[in-house]
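Colleague: Let me begin by handing over the structure; questions about it come next.
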Amino acid sequence: MTYKIAVSKSNIDVGTATSPNSFNYSSDYNTLKYYAVGSIQLSGSAIFPNTTTKFGTITHNLGYIPFFAFSVNAGAGSVYYPYGYVNVGAGVTEKTSVAAGTSDIRFKYDITNTSSGTVFGTVTFFLKIFRNNTGL
Amino acid sequence: MPMTMRVSLPGYDALTDGTIDHYSIYADSDNILIKEQQRGTARVAFGTPGTISHNLGYIPLSMVWINNGGTMQFLSGNDAGAAFSASSQEDTSHLVLFNTTSGTYTYNYFIFYDQGTQL
Amino acid sequence: MTQLIRVSKQGIDVLGTAGTVPNNLIFDSTLNTFKIIGTGSVLGTVTSGNLGTISVAHNLGTTPAVTGFIRMHSDRAIAPTGRQDVSGDSGYVFQSIAADGSSVYFVINSPFLGGISGTYNCMYFAFEPPLS
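Protein chains in written order, with the numbering used here: chain S, 331 to 466; chain B, 920 to 1038; chain A, 1460 to 1591.
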């Protein structure tokens, strides 16, 4: 006999429900489990017409490549960009990306001067690291 | 006596398995499950942002997908300027959805109680 | 009487007022716990210097909400960036991930590798669909 724990949503019979959308929780399904957070700020400047690339890392030491989630604040006050930030603005282009290894998460920030003079930029990455193994 | 709660996934022995990823709940330490605040859909037309209020007072974890002709595409990055262009932003009260491609698309979203910028 | 299960984070009294705040909890049976309904992976190639799609059947019988990661060789795995021109460690680009009722699709912009197709290890997490 198989045992499990299941908690159905309101007005749904837990004994007959089968759809994952019918449950608040069911032990039949895995969950995303996070255990750590981190943040890192990267700054750069670029003289026309060049691109400057900055890298930063946060260590996790899980020994495998985990699921991660992140958002980016581009220094413009209270706005955050989930899962990445790209800005194609007047005279400047900024790009971000995040990559995970078996021991760390690496952040990349590109700033390109598309007009003249020197442009400056700063982004802050906020990271959530999960126990879930991507298997990669 | 410390108390904990462990619920293993099907096929794994909760009494012996030492891999946290084999559990849906493993409360020996803070392995935190994502908890839904709200979900829904929003029709967002080109040039008119769709605003979803969450009013949590902090930046929450969220996930958004765009329904592109029956295909659900995960919304990532600030895709300004690309051929199929969409993005999202968050502040402490809202999730804002942008459509910078022509036409109108349906966005499907989850907003969670869990914070996006803190543990 | 309402029955429920709550597990608080370390240092939080689950029986006190703090134990009613969702962000103080590992688990709360009164709230939907975001569920993974499936995972999968595929090894595929994209022609050098091209934008290509690698797909894999998910066999879930519905259109799931997916996200995922791709990895080339032993490089770091990257998340989708939403664009064709934002690369990770080694110059390749994971533009997007999507799913329909049968398959998951990874759209990848492979850098020019001297005519050699790029081989990518792709994986996805499929979640319960965010339909009301």
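All residues carry an ideal CB built from backbone N, CA and C; glycine is no exception.
Using a Cβ-Cβ cut-off of 8 Å (strictly less than) and excluding sequence neighbours within five positions of phenylalanine 460(S), which residues of its own chain qualify?
Modeller: Within the same chain, phenylalanine 460(S) has close Cβ partners Leu362, Lys363, Tyr364, Tyr365, Pro396, Phe397, Phe398, Ala399.
Colleague: Give me whichever residues DSSP pairs with proline 396(S) in a beta bridge.
Modeller: In DSSP, proline 396(S) forms a bridge with Asn463(S).
Colleague: Can you give me, in chain order, the residues of the stretch 1529 to 1554 of chain A that have a beta carbon less than 7 Å from any beta carbon in chain S?
Modeller: Listed in sequence order: Arg1530, Arg1535, Ala1536, Ile1537, Ala1538, Thr1540, Gly1541, Arg1542, Val1545, Ser1546, Gly1547, Asp1548.
Colleague: Okay, do the stretch 378 to 398 of chain S and the stretch 434 to 442 of chain S touch, 3+ Cβ pairs below 8 Å being the bar?
Modeller: Judged by Cβ distances under 8 Å, the stretch 378 to 398 of chain S makes contact with the stretch 434 to 442 of chain S, as three or more pairs qualify.
Colleague: Answer yes or no: do aspartate 358(S) and lysine 334(S) have a C-beta to C-beta separation smaller than 8 Å?
Modeller: Yes, they are a contact pair.
Colleague: How long is the line joining the alpha carbons of valine 418(S) and alanine 1005(B), rounded to whole angstroms?
Modeller: Straight-line Cα distance between these residues: approximately 14 Å.
Colleague: Examine chain B for any beta-carbon lying closer than 8 Å to the beta-carbon of valine 367(S), and answer yes or no.
Modeller: For valine 367(S), the answer is yes, since a Cβ of chain B falls inside 8 Å of its Cβ.
Colleague: Return the residues of the stretch 949 to 981 of chain B that lie within a Cβ-Cβ distance of less than 8 Å from chain S, sorted by chain order.
Modeller: The residues in question are Asp949, Asn950, Ile951, Leu952, Ile953, Ile978, Leu980, Ser981.
Colleague: For threonine 1036(B), collect the residues of the same chain with a Cβ closer than 7 Å to its Cβ; drop the 5 residues on either side in sequence, then sort them by chain order.
Modeller: The residues are Ile978.
Colleague: Given a cut-off of 8 Å, decide if isoleucine 377(S) and threonine 448(S) are closer than it, judged by their beta-carbon atoms.
Modeller: In contact: threonine 448(S) and isoleucine 377(S) (Cβ atoms closer than 8 Å).
Colleague: Please compile the residues from chain A whose C-beta is within a distance smaller than 8 Å of the C-beta of glycine 989(B).
Modeller: Those are Thr1522, Asp1559, Gly1560, listed as they occur along chain A.
Colleague: Between threonine 1578(A) and threonine 1504(A), is the Cβ-Cβ spacing less than 8 Å?
Modeller: Their beta carbons are under 8 Å apart, which means threonine 1578(A) touches threonine 1504(A) by this criterion.
Colleague: In whole angstroms, give me the CA-to-CA distance for aspartate 1487(A) and valine 1466(A).
Modeller: Whole-angstrom Cα-Cα distance: 7 Å.
Colleague: Excluding the 5 residues preceding and the 5 following lysine 1427(A) in the sequence, name in chain order all residues of the same chain whose CB lies nearer than 6 Å to its CB.
Modeller: Because chain A spans 1460 through 1591 in this model, residue 1427(A) falls outside it and cannot be assessed.
Colleague: Between the Cα of methionine 1582(A) and those of Val1552(A), Ala1538(A), Asn1483(A), Gln1543(A), spot the shortest distance and give me the residue it belongs to.
Modeller: Of the candidates Val1552(A), Ala1538(A), Asn1483(A), Gln1543(A), the one whose C-alpha sits nearest the C-alpha of methionine 1582(A) is Ala1538(A).
Colleague: Consider the C-beta atom of serine 427(S) and the heavy atoms of the ligand FMN; say whether any pair is separated by less than 7 Å.
Modeller: Of ligands this structure carries none, so the ligand FMN is not represented either.
Colleague: Considering Cα atoms alone, identify which of Asn1483(A), Leu1510(A), His1517(A) is closest to threonine 1498(A).
Modeller: Of Asn1483(A), Leu1510(A), His1517(A), the residue nearest in Cα terms is His1517(A).
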